[in-house]
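Chemist:
Protein chains: 2
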Amino acid sequence: MPDQSDDRPYHHGSLRTALLDAAERGLRAHGADRLSLRDLAREIGVSHAAPRRHFPDRQALLDALAEAGFARLDNALRSALKTADDFPGRVRAAATAYTRFATENSALLELMYTSKHRPGASRIVQAAEAPFGLMNDLIAEGQEQGALQDGPTQRIGVVLFATLQGIATLGNGNLVPPELLDGLVETAVEQFLRGARP
Amino acid sequence: MPDQSDDRPYHHGSLRTALLDAAERGLRAHGADRLSLRDLAREIGVSHAAPRRHFPDRQALLDALAEAGFARLDNALRSALKTADDFPGRVRAAATAYTRFATENSALLELMYTSKHRPGASRIVQAAEAPFGLMNDLIAEGQEQGALQDGPTQRIGVVLFATLQGIATLGNGNLVPPELLDGLVETAVEQFLRGARP
DNA sequence: GCAACAATGTTGTCAACGGAAACATACTGC
DNA sequence: GCAGTATGTTTCCGTTGACAACATTGTTGC
Numbered sequence: 001m002p003d004q005s006d007d008r009p010y011h012h013g014s015l016r017t018a019l020l021d022a023a024e025r026g027l028r029a030h031g032a033d034r035l036s037l038r039d040l041a042r043e044i045g046v047s048h049a050a051p052r053r054h055f056p057d058r059q060a061l062l063d064a065l066a067e068a069g070f071a072r073l074d075n076a077l078r079s080a081l082k083t084a085d086d087f088p089g090r091v092r093a094a095a096t097a098y099t100r101f102a103t104e105n106s107a108l109l110e111l112m113y114t115s116k117h118r119p120g121a122s123r124i125v126q127a128a129e130a131p132f133g134l135m136n137d138l139i140a141e142g143q144e145q146g147a148l149q150d151g152p153t154q155r156i157g158v159v160l161f162a163t164l165q166g167i168a169t170l171g172n173g174n175l176v177p178p179e180l181l182d183g184l185v186e187t188a189v190e191q192f193l194r195g196a197r198p
Numbered sequence: 001m002p003d004q005s006d007d008r009p010y011h012h013g014s015l016r017t018a019l020l021d022a023a024e025r026g027l028r029a030h031g032a033d034r035l036s037l038r039d040l041a042r043e044i045g046v047s048h049a050a051p052r053r054h055f056p057d058r059q060a061l062l063d064a065l066a067e068a069g070f071a072r073l074d075n076a077l078r079s080a081l082k083t084a085d086d087f088p089g090r091v092r093a094a095a096t097a098y099t100r101f102a103t104e105n106s107a108l109l110e111l112m113y114t115s116k117h118r119p120g121a122s123r124i125v126q127a128a129e130a131p132f133g134l135m136n137d138l139i140a141e142g143q144e145q146g147a148l149q150d151g152p153t154q155r156i157g158v159v160l161f162a163t164l165q166g167i168a169t170l171g172n173g174n175l176v177p178p179e180l181l182d183g184l185v186e187t188a189v190e191q192f193l194r195g196a197r198p
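Protein sequence lines correspond, in order, to chains A and B.
The opening residue of the first sequence carries number 1 in the UniProt record's numbering; numbering runs sequentially from there.
The opening residue of the second sequence carries number 1 in the UniProt record's numbering; numbering runs sequentially from there.
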């Protein structure tokens, strides 16, 4: 009994995009655990097996979400970096942009950081390199200007990156009230600039 | 057809403990996602509905794991703090102990930080206060000794805590090779002690 | 134009899971 | 030695991810 009585075409046309969109909404609303392929299919109005043509299994969909997440993060950081010229200002801008992204997309962020060590996640690792490189360049910039001590750029940058990530984690876990996050980022940047100067 | 042909007693006797043990092994081996109550029951040798007497649902088991995790983390930090007397040494010891715990129990740690904002997780929040208080006390100690600037103890301490947590996250996500983690922690502690001194 | 062929969507099926109810067995206090 | 409770078993249900077989549409070579 085919209940496809409406005039919906047999082919959706952009199922993949529709799936990703719906998945991101679901991710935001209920978390990755309760993201169900069948739910998404229902919401979009296709059969329960249709998503399989675009994502061979559930994890593939989650991986695609993570990959897109890194691209969006990269964008957010890039546009934040444009808002300031001096080095401390640029660090501050990047730091607040990162934690804002991380708290506004907490479930997505978790996905981005945990889908990676699975085999075959090379696309994700590659996508992650863009925002990471951005932070690295920022540190190198500080070193050239003499605002930061010389030494392994990556090691210094990763510490800053880790601090921001940690602050976001604590915020997302409600271990730190959200209204304190901005101040925390401020403190972290200050301490970083003091602790890593020549 | 009851296949309970062996002499296994009707009552297991310590199912709850056995479940938690098996669950922790499963967590370590396959992650929280693929932790199945029925699998655990099978492994232990009880019926699939037996765990329900001890954990009303799956999440309750995960919560119990998280709670136990905080207690173990507290222990690890406590014994690490005993290994050094001077303030910088104690910070270093606590920092390496934390990241070691976090990388050796990555799936558990994730559980500890994400099971918390669920309603009715007051037991977990309470369990989390022990290790958090420990870190806070450490910072206060540094302030009393004049090694750290005065000001809101918590804010200063949280930044350090966040940094360690972030380093662990990056390590667990394979975004930083494991062999670099120790050096990263070292750098982070150094920068912290420099950046937060009076 | 049209005949393969590829791409995309549908239907039907399966095993596994979490959850729940009804029942069985063991323990405990009295 | 018995009543009440704690713990475990059986049986069932609805949902899910995965898979295979089939249907429809789009595309491409000729």
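Ideal Cβ placement from N, Cα and C applies to all residues, glycine included.
Treat the numbers as computed from the prediction; the structure is a model and nothing was measured.
Could you name the residues of the segment 163-187 of chain B whose beta carbon sits closer than 8 Å to any beta carbon of chain A, in the order they occur along the chain?
Modeler: Result list: T163, L164, Q165, G166, I167, T169, L170, N172, G173, N174, L175, V176, L180, G183, L184 and T187.
Chemist: Do L27/B and L109/B count as a contact pair if the criterion is CB distance below 8 Å?
Modeler: Along the second sequence, read from residue 1 onward, the residue named residue 109/B stands at position 109. Along the second sequence, read from residue 1 onward, the residue named residue 27/B stands at position 27. No, these two residues do not count as a Cβ contact at 8 Å.
Chemist: How close, in whole Å, do the beta carbons of A128/A and L175/B come, if the pair is a contact with beta carbons under 8 Å?
Modeler: As a position in the first sequence, residue 128/A is number 128, starting the count at 1. As a position in the second sequence, residue 175/B is number 175, starting the count at 1. Between L175/B and A128/A the Cβ distance is about 7 Å, and since that is below 8 Å, they are a contact.
Chemist: Thinking T96/A and R155/B are a contact (beta carbons under 8 Å), I'd like their distance in whole angstroms, please.
Modeler: On the first sequence, residue 96/A is found 96 positions in, with the first residue counted as 1. On the second sequence, residue 155/B is found 155 positions in, with the first residue counted as 1. The Cβ separation is near 16 Å, so there is no contact.
Chemist: Quick one: which chain A residues come within Cβ less than 8 Å of F192/B?
Modeler: Taking the second sequence and counting its residues from 1, one reaches residue 192/B at position 192. Result: Q191 and G195.
Chemist: Would you say D74/B lies against chain A (beta-carbon separation less than 8 Å)?
Modeler: The residue labelled residue 74/B in the question sits at position 74 within the second sequence. It does not: the Cβ of D74/B has no partner Cβ on chain A nearer than 8 Å.
Chemist: Can you name the residues of chain B whose CB is closer than 9 Å to the CB of A128/A?
Modeler: What you label residue 128/A is simply residue 128 of the first sequence in a count that begins at 1. By Cβ distance, chain B contributes G173 and L175.
Chemist: Just mark residue 259/B as buried or exposed, buried being the case when its beta carbon has 16 or more other beta carbons within 10 Å.
Modeler: A question about residue 259/B goes unanswered here, because the residues of chain B that appear run from 1 up to 198.
Chemist: Tell me the residue span of the alpha helix (DSSP H) that contains D74/A.
Modeler: Here residue 74/A corresponds to residue number 74 of the first sequence, with the count starting at 1. Segment R58 to L81, the alpha helix (DSSP H) holding D74/A.
Chemist: If you draw a straight line from the alpha carbon of R38/B to that of S122/A, how long is it in whole angstroms?
Modeler: One-based indexing of the second sequence puts residue 38/B at position 38. One-based indexing of the first sequence puts residue 122/A at position 122. Computed Cα separation, rounded: 33 Å.
Chemist: Strictly below 8 Å CB to CB, what residues from chain A border Y98/B?
Modeler: Counting from 1 along the second sequence, the entry for residue 98/B is found at position 98. None at all; the shortest Cβ gap to chain A is about 11 Å.
Chemist: If F101/B sits next to A76/B, beta carbons under 8 Å apart, how far is it from one beta carbon to the other, in whole angstroms?
Modeler: The sequence position of residue 101/B within the second sequence is 101, counting from 1. The sequence position of residue 76/B within the second sequence is 76, counting from 1. Confirmed, Cβ separation roughly 5 Å.
Chemist: Return the first residue and the last residue of the alpha helix (DSSP H) that P9/B is part of.
Modeler: Residue mapping note: residue 9/B aligns to position 9 of the second sequence, counting from 1. Per DSSP, P9/B belongs to no alpha helix (DSSP H) and is neither H nor E.
Chemist: If you check the beta carbons only, do A32/B and L111/B fall under 8 Å apart?
Modeler: Here residue 32/B refers to the residue found at position 32 when the second sequence is read from its first residue. Here residue 111/B refers to the residue found at position 111 when the second sequence is read from its first residue. Against a cut-off of 8 Å, the Cβ pair of L111/B and A32/B comes out as a contact.
Chemist: Near D3/A, what residues of its chain come up, given a Cβ to Cβ distance below 8 Å and the 5 sequence neighbours on each side ignored?
Modeler: Translated into positions along the first sequence, residue 3/A becomes position 3. Residue placement at D3/A is flagged as unreliable, the pLDDT there being 37, under the threshold of 50; the coordinate-derived value follows with that caveat. Around D3/A: no qualifying Cβ.
Chemist: Going along the chain, which residues of its own chain have a beta-carbon closer than 6 Å to the beta-carbon of I139/A, five neighbours each way excluded?
Modeler: Reading the first sequence from its first residue, position 139 is the one you call residue 139/A. Here the set comprises T153, I156 and G157.
Chemist: Report all residues from its chain with a CB closer than 6 Å to the CB of G69/A; omit the five preceding and five following residues, and keep chain order.
Modeler: Residue 69/A sits at position 69 when you count from the first residue of the first sequence. Closer than 6 Å at the Cβ level, and outside the excluded window around G69/A, lie L108 and M112.
Chemist: How should A49/A be labelled, buried or exposed, when 16 other C-beta atoms within 10 angstroms of its C-beta is the threshold for buried?
Modeler: Here residue 49/A corresponds to residue number 49 of the first sequence, with the count starting at 1. Answer is exposed; the Cβ neighbour count stays below 16.
Chemist: So which of D137/B, G120/B and A93/B has the shortest CA-CA distance to E67/B?
Modeler: Reading the second sequence from its first residue, position 67 is the one you call residue 67/B. Nearest option by C-alpha distance: G120/B.
Chemist: Against chain B, with Cβ distances strictly below 8 Å, would T153/A count as a contact?
Modeler: The residue you call residue 153/A lines up with position 153 of the first sequence. T153/A does not count as touching chain B.
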